[in-house]
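Residue numbers (our numbering), protein chains in the order written: chain A, 9 to 507; chain B, 9 to 507.
Cβ coordinates follow ideal geometry from the N, Cα and C atoms, glycine included.
The block underneath contains the structure these notes are about, expressed in C-alpha cells.
Number of protein chains: 2
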Amino acid sequence: MTTSTSTTASTSATAPTVFTLETMDVPGGTETVLRGGRHLFPLLPRAFAGVRRIGVIGWGPQGRAQARNLRDSLAGTDITVAVGLRPGSASASDARAHGFTEEDGTLGDWLDVTAGSDLVILLIADAALAAHHQEIFARLRPGATIGLSHGFLLGHLRETGGRFPAGHGVIAVCPKGMGDSVRRLYEQGAEINGAGINSSYAVHADPDGRAGSLALAWSVALGSPYTFRTTLESEYLSDIVGERAILLGAVHGIVESLYARYRLEGDDPVTAYERSCENVTGPIARTISHSGLRAVREELDPAGRDVFDRAYAATYAPAREIIAEIYDEVADGTELRSVILAERRLGTRPMSRIGASPMWAAGAEARARRADRTLPVDPFTAGVFTGTMTAQIDEFAERGHPWSEIVNESVIEAVDSLLPYMHARDVAYMVDNCSRTARLGARRWGPRFQAAYEQIVYPAAGAPADPAVLDAFTTHPVHEALAAAAKLRPPVDISVAQP
Amino acid sequence: MTTSTSTTASTSATAPTVFTLETMDVPGGTETVLRGGRHLFPLLPRAFAGVRRIGVIGWGPQGRAQARNLRDSLAGTDITVAVGLRPGSASASDARAHGFTEEDGTLGDWLDVTAGSDLVILLIADAALAAHHQEIFARLRPGATIGLSHGFLLGHLRETGGRFPAGHGVIAVCPKGMGDSVRRLYEQGAEINGAGINSSYAVHADPDGRAGSLALAWSVALGSPYTFRTTLESEYLSDIVGERAILLGAVHGIVESLYARYRLEGDDPVTAYERSCENVTGPIARTISHSGLRAVREELDPAGRDVFDRAYAATYAPAREIIAEIYDEVADGTELRSVILAERRLGTRPMSRIGASPMWAAGAEARARRADRTLPVDPFTAGVFTGTMTAQIDEFAERGHPWSEIVNESVIEAVDSLLPYMHARDVAYMVDNCSRTARLGARRWGPRFQAAYEQIVYPAAGAPADPAVLDAFTTHPVHEALAAAAKLRPPVDISVAQP
Numbered sequence: 009m010t011t012s013t014s015t016t017a018s019t020s021a022t023a024p025t026v027f028t029l030e031t032m033d034v035p036g037g038t039e040t041v042l043r044g045g046r047h048l049f050p051l052l053p054r055a056f057a058g059v060r061r062i063g064v065i066g067w068g069p070q071g072r073a074q075a076r077n078l079r080d081s082l083a084g085t086d087i088t089v090a091v092g093l094r095p096g097s098a099s100a101s102d103a104r105a106h107g108f109t110e111e112d113g114t115l116g117d118w119l120d121v122t123a124g125s126d127l128v129i130l131l132i133a134d135a136a137l138a139a140h141h142q143e144i145f146a147r148l149r150p151g152a153t154i155g156l157s158h159g160f161l162l163g164h165l166r167e168t169g170g171r172f173p174a175g176h177g178v179i180a181v182c183p184k185g186m187g188d189s190v191r192r193l194y195e196q197g198a199e200i201n202g203a204g205i206n207s208s209y210a211v212h213a214d215p216d217g218r219a220g221s222l223a224l225a226w227s228v229a230l231g232s233p234y235t236f237r238t239t240l241e242s243e244y245l246s247d248i249v250g251e252r253a254i255l256l257g258a259v260h261g262i263v264e265s266l267y268a269r270y271r272l273e274g275d276d277p278v279t280a281y282e283r284s285c286e287n288v289t290g291p292i293a294r295t296i297s298h299s300g301l302r303a304v305r306e307e308l309d310p311a312g313r314d315v316f317d318r319a320y321a322a323t324y325a326p327a328r329e330i331i332a333e334i335y336d337e338v339a340d341g342t343e344l345r346s347v348i349l350a351e352r353r354l355g356t357r358p359m360s361r362i363g364a365s366p367m368w369a370a371g372a373e374a375r376a377r378r379a380d381r382t383l384p385v386d387p388f389t390a391g392v393f394t395g396t397m398t399a400q401i402d403e404f405a406e407r408g409h410p411w412s413e414i415v416n417e418s419v420i421e422a423v424d425s426l427l428p429y430m431h432a433r434d435v436a437y438m439v440d441n442c443s444r445t446a447r448l449g450a451r452r453w454g455p456r457f458q459a460a461y462e463q464i465v466y467p468a469a470g471a472p473a474d475p476a477v478l479d480a481f482t483t484h485p486v487h488e489a490l491a492a493a494a495k496l497r498p499p500v501d502i503s504v505a506q507p
Numbered sequence: 009m010t011t012s013t014s015t016t017a018s019t020s021a022t023a024p025t026v027f028t029l030e031t032m033d034v035p036g037g038t039e040t041v042l043r044g045g046r047h048l049f050p051l052l053p054r055a056f057a058g059v060r061r062i063g064v065i066g067w068g069p070q071g072r073a074q075a076r077n078l079r080d081s082l083a084g085t086d087i088t089v090a091v092g093l094r095p096g097s098a099s100a101s102d103a104r105a106h107g108f109t110e111e112d113g114t115l116g117d118w119l120d121v122t123a124g125s126d127l128v129i130l131l132i133a134d135a136a137l138a139a140h141h142q143e144i145f146a147r148l149r150p151g152a153t154i155g156l157s158h159g160f161l162l163g164h165l166r167e168t169g170g171r172f173p174a175g176h177g178v179i180a181v182c183p184k185g186m187g188d189s190v191r192r193l194y195e196q197g198a199e200i201n202g203a204g205i206n207s208s209y210a211v212h213a214d215p216d217g218r219a220g221s222l223a224l225a226w227s228v229a230l231g232s233p234y235t236f237r238t239t240l241e242s243e244y245l246s247d248i249v250g251e252r253a254i255l256l257g258a259v260h261g262i263v264e265s266l267y268a269r270y271r272l273e274g275d276d277p278v279t280a281y282e283r284s285c286e287n288v289t290g291p292i293a294r295t296i297s298h299s300g301l302r303a304v305r306e307e308l309d310p311a312g313r314d315v316f317d318r319a320y321a322a323t324y325a326p327a328r329e330i331i332a333e334i335y336d337e338v339a340d341g342t343e344l345r346s347v348i349l350a351e352r353r354l355g356t357r358p359m360s361r362i363g364a365s366p367m368w369a370a371g372a373e374a375r376a377r378r379a380d381r382t383l384p385v386d387p388f389t390a391g392v393f394t395g396t397m398t399a400q401i402d403e404f405a406e407r408g409h410p411w412s413e414i415v416n417e418s419v420i421e422a423v424d425s426l427l428p429y430m431h432a433r434d435v436a437y438m439v440d441n442c443s444r445t446a447r448l449g450a451r452r453w454g455p456r457f458q459a460a461y462e463q464i465v466y467p468a469a470g471a472p473a474d475p476a477v478l479d480a481f482t483t484h485p486v487h488e489a490l491a492a493a494a495k496l497r498p499p500v501d502i503s504v505a506q507p
C-alpha cells in the first residue's frame, strides 16, 4: 500500500491541470488523488485560468468557511471572492464582520453576485436551493461554472424532472467535514502545511474542458490535504447515507442506547456518559484517527477483546440492514421527498430539540473530569461503534463507491471532523451545525439505530461472537485503504476550543 | 348524541340496499351507518343479488377469517364461497382443514377462482397484490366486482400509474381489526347477536349500481356490528397512518420507552412491565373500551390525575408532530415506496425480530400474576397513551376524515381488537399477525415514537401541565363521537385464549 508520484500531470480519468497528481493503491486497484498544501497556492491563478471572480452564494457553515479560505488562499492574486446573500439575510452582518463588504464589492445580492462571477459556488440551504435554483441559473453569465459542495441539487433535479442549464460547467468540491472544521483546520495549516479537510471532487458537465482544473484549484484553495475524484451521483449517495448512518444518525443511536444500558447496569449518570458518549467522541475516535480501525480492538486486553468481539459481532448485521435500507431510500429518492415534506411542514417552526435527553445533563460533569484522568476505551462501546462503521464501509463497497470516498465518508470525516467537535461541545452542536438535510436525516434514522441496538443487538451480545464476522473484520481491506489515506494525512489533529 | 332509524332505506350518499340504514349524530353533523347482526342474514341473498359465487383470494389472517365468516353467514343459500390460492401455496392444507376443498369446488387456483366468481375479494399480501393484480384483473368475468379490505392497491396503482379495469365495480369492506379478531368475535356473535368487528365500506367504481348493496351485504356477512361509509382514499390514509401510529407503531414505542423509564426509576422488571405494557393492554384499554377516553383520567385520584395531566400535556405535541409526518409521507406515496423497497430487500429473508428486547422476558411472569390481583391504571402511562391517541384523533379530524373512521381507526380498533390480543399473547403476536405493510410500518415508526418520548416528552413531563392542552382534552368532541359509537357496540368483549 503506497502512494507514488504520477509521472504525468493527469490521467485519462482526470482533467488537465497544473497540479501534479499521485496514484494511491487501494483494494483492487489504484485511485488518482491530489495531495494539497499551501505550497501549491502560487499555482492557483493558472489553475483558475479564466476566473476573475468567485461568487460564494450563502453564509451557512460551509459558505462562511469556504468564502474565507478561498479569499485567504487567493490573497495577492487578481482573483476576488464575493459573497452573495438573499435580500434581508440575517447573515449580512457576520459576513461584514469577516471582511466581506458592499463597499469593496465583495458582498452583495445573491443574484447580482451570481451575474458577476465566473465560478458560482452554491452553498445556500438545501430548501433554498430547491426553491431558487432556477432564478440563479437564469442569471449566470455565459461560460460561468456552477459549483456545488454536495449532490443535493442533483437529487432534487432528478426528483422534479429539472436539469442543469446547458453550456455551463457543473463541478463539485465536497469537503468531508462540517464547515467549521474546514475553516479551523485551514487556520491550523498556517503552522503545519497541509492541515485541512479532505475533499472529493466531481465533474458533472464540462463544456469547455476547464471544469476539472477549476475543481482541483477550488479544493486546493480550501486547504484539502487530499482530493479524490468521484461523481456527483456517487457523492450524493455516500454523503446523504453517511450522515444518516455513522456520521450522525447512528452515532446518536449508539450513545443514547448505550447510556441507557450502562445506567440499567447500575452506573451513575456520569460514568454511564463516560462509557458511552464520551468514549466514542474521545478515546475511540482518537484511536481510529491515529492508528486505524483495527487498533481499537488490538489495544484491548484479552478480556476486553472478548467483550469487543461479542458486541461487534452482534452489531454488524442489524446495523448493515438499516444502512442498506437508508441506501435504498436515498437512491430511490424517497428520502429526499421526506426532507422536502418535512421542510414544508416545519415552515418557520424550529426543529424539535435533541439535547434535552437525560444523557446530556451528565455531559458537563464528564467534560470537567477530563483533566484528572485518561479515559480508557470501553470495549463494549467500541465493538458497537466499530461494527456499525464497518457495516457502512461494506455497504458502500458493495454499491461500488471508490475507496477514497468510502474511507473519508465512513471513517475520516467521523474521527477527524465531527466527533472532535462533538467532544468539545455536545451533540446538539454537532448535529445542528450540519445541513438541514443532515439534521432531518439524523432525527429520522437515529431512533431506528437506537431501537435496533436495544432490541436486537444488546440481547444478542450475550452469546459468543460469530468467528466468521470477526475474521471478516480483522482481515478487512479497509485497513489497507485507511493506511494509504493516513499517509496523506498531515500530522495534526483538529483543535476545537470548548465554548 | 343519538342514533335514530332512518325513514328511507338509503340516502343520496349511499347506494340502494335492502338493509335499513341509521343516522348517527357526530360532531358537526350526521353520518349514515348500518347496524349489523345475525337477524339480517336472511336478507343477504337479496342484497347479494347477481352474486352466485364469492371468491376469496388469499388465506392470510384476513382471508382465513373472511372466507369462513362469509361461508357461515351464507349457509343454506345458493351463494358459495371459494378460496383461491396461488400454485403451491403453503396455506392449502389449512384451508382444507377448515372445509374448503378442491373436491367440492371451494378451493382452487387463484386465477381459476377469480374467473369463476362474481365478487372477487383480494386478500393476498400487499407485495403479491402489487406483483400480480394485472394477471388477476385479466381473468375477471364480465361484470364481476372487485373487493378490497384496505386501500393499499389504490396507493400502489397511483404510485405506478396503473388503474382499476373499466367496467368492473370496485368496492371495499375494511374490518377495523386484525383477521383473528374478525373471526373470534363472529363466533361469539352466535351467543350474543351483533358481536363482531366494525367495518368501513367504500364504493370506488359502480358501473351497474349494485356496488353499494354488495358492499353492505359483505360487511353484514362478516358480522360487523356497525358499518360506516368512507372513500377508498380516506380508508387508505387512515388505515396506513393508524397502524404506524396508535394501533401498532406508537404503542410499541410507548411500552418500550416506559419500561426503560420505570426500570431506571428502580422498578424490578415485572413491576416495570406491569406499569408499562401490561397497563396499556390491560386496564387502560379496558377502561377506554367500556367507559371512553375521558374515563381514564376521571377514575384517577387527585394525585394520579396530576401525574396523568403532566404526562398527557407533555406527550400531545411531540406525538402529533410525528403523526403529521407519517400522514404526509403516506399521502405523498413516500411511505408506500419505502414498503416496496423493503419487500425487494427482504426477498425471502425473514423480517428482523422485535420480541427479543429485555422487556418481553418479563411478560410471562406479569401474565402469571394476573389471577392474584387487579392491576390499577398507571397514571403516567395512561397520560402518555391517551395523549398519543388524542393526537391521532386530532390529526385525522384536521385532515377531514369522517368521525366514524376517526374513532374506529384511533380508538375502537385499538381497545377492542389489537390490545386485547396483545394482552393475551405478546407484542410479536400482535404486530406480526397484521399485514406486512403494517409490520414494516411499525418497525419504521415505533422507534421514532420511542425516541420522542424518551428525549422530548419525559424530560418535559416534570413541568406543570399546560392547562390549554388539558382543556382541549376534557372538552374534546371525540367523547361524544365515542359515546355515539358505543351505542352500536354489542355488550361483549373479545375473548382471546392464551396460547
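If the five residues before and after B:Phe-145 are omitted, its C-beta is found closer than 6 Å to the C-beta atoms of Pro-173, all from its own chain and listed in chain order.
Shown here is that no member of the region 124-146 of chain A has a Cβ falling below 7 Å from a Cβ of chain B.
Each of A:Pro-150, A:Gly-107, A:Glu-110, A:His-141 was checked against the Cα of A:Leu-127, and the nearest Cα belongs to A:Pro-150. With respect to the 7 Å criterion, A:Thr-38 and A:Thr-31 are classified as neighbours on the basis of their beta carbons.
For A:Leu-272, the nearest CB of chain B lies under 7 Å from its own CB, placing it at the interface with that chain. Annotation: the continuous alpha helix (DSSP H) that includes B:Ser-227 extends over 219-230. Straight-line spacing of the CA atoms in B:Thr-235 and B:Ala-476 works out to 35 Å. Chain-ordered, the chain A residues with CB closer than 8 Å to the CB of B:Gly-454 read Ala-459. By the Cβ-count criterion, B:Pro-455 is buried, with 16 or more other Cβ atoms from all chains shown falling within 10 Å of its own Cβ. Taking CB atoms only, A:Ala-364 has a neighbour in chain B less than 7 Å away. Taking all protein chains in view, the Cβ of A:Asp-216 is surrounded by fewer than 16 other Cβ atoms within 10 Å, so the residue is classified as exposed.
Within chain A, no residue has its beta carbon less than 9 Å from that of B:Pro-472; the closest one is some 17 Å off. Counting only residues of its own chain and dropping the five nearest sequence neighbours on each side, A:Pro-35 has a CB closer than 7 Å to the CB of Trp-411, Pro-485, Glu-488, Ala-489. The C-beta of A:Asp-380 comes no closer than 7 Å to any C-beta of chain B. Counting only Cβ-Cβ distances below 8 Å, B:Leu-349 has contacts in chain A at Glu-333, Asp-336, Glu-337, Asp-340, Thr-342, in chain order. When secondary structure is reduced to three states using DSSP, A:Phe-457 falls in the helix class. Among the residues of chain B, those whose CB is under 7 Å from the CB of A:Gln-463 are Ile-362, Ala-364, Ser-365, following chain order. Counting along the chain, the unbroken alpha helix (DSSP H) around B:Ile-248 starts and ends at 240-252. Among the residues facing chain A, B:Ser-346 is included, as its CB has a counterpart in that chain under 7 Å away. The criterion of a C-beta distance shorter than 7 Å is satisfied by A:Ser-418 and A:Ile-401. According to the DSSP assignment, A:Met-32 belongs to the beta strand (DSSP E) that extends over 30-34.
Listed by position along chain B, the residues whose Cβ is nearer than 8 Å to that of A:Arg-353 are Ala-332, Glu-333, Asp-336. The C-alpha of A:Gln-458 is placed about 35 Å away from the C-alpha of A:Lys-495. Its Cα nearest to that of B:Leu-230, the residue B:Pro-183 stands out among B:Pro-183, B:Ala-136, B:Ile-200. Assignment of alpha helix (DSSP H) within the region 41-101 of chain A, counting only whole runs of 4 or more residues, yields 52-55, 69-81 in chain order. For A:Ala-327, no chain B residue has a Cβ inside 7 Å of its Cβ, as the nearest lies near 11 Å away.
The beta carbons of B:Ile-132 and B:Ile-65 sit closer together than 7 Å.
Non-local beta-carbon contacts of A:His-106 in its own chain, meaning distances under 7 Å to residues more than five positions away in sequence, involve Arg-76 in chain order. B:Thr-153 carries a strand assignment under DSSP once its states are collapsed to helix, strand and coil.
Restricted to the region 338-410 of chain B, the alpha helix (DSSP H) segments that are unbroken, complete and at least 4 residues in length are 342-354, 366-369, 371-376, 387-406, listed in chain order.
Nearest neighbour of A:Gly-170 by Cα position, chosen from A:Arg-147, A:Leu-137, A:Tyr-194, A:Ala-180, turns out to be A:Leu-137. Between B:Gly-71 and B:Leu-119, the alpha-carbon positions lie close to 16 Å from each other.
By the Cβ test, the region 296-303 of chain B is not in contact with the region 316-325 of chain B, since fewer than three Cβ pairs between them sit closer than 8 Å.
At least 7 Å separates the beta-carbon of B:Val-59 from that of B:Ala-90. Not a single C-beta of chain A is nearer than 7 Å to the C-beta of B:Ala-303. When rounded, the separation of the alpha-carbon atoms in A:Ser-208 and A:Arg-43 is 12 Å.
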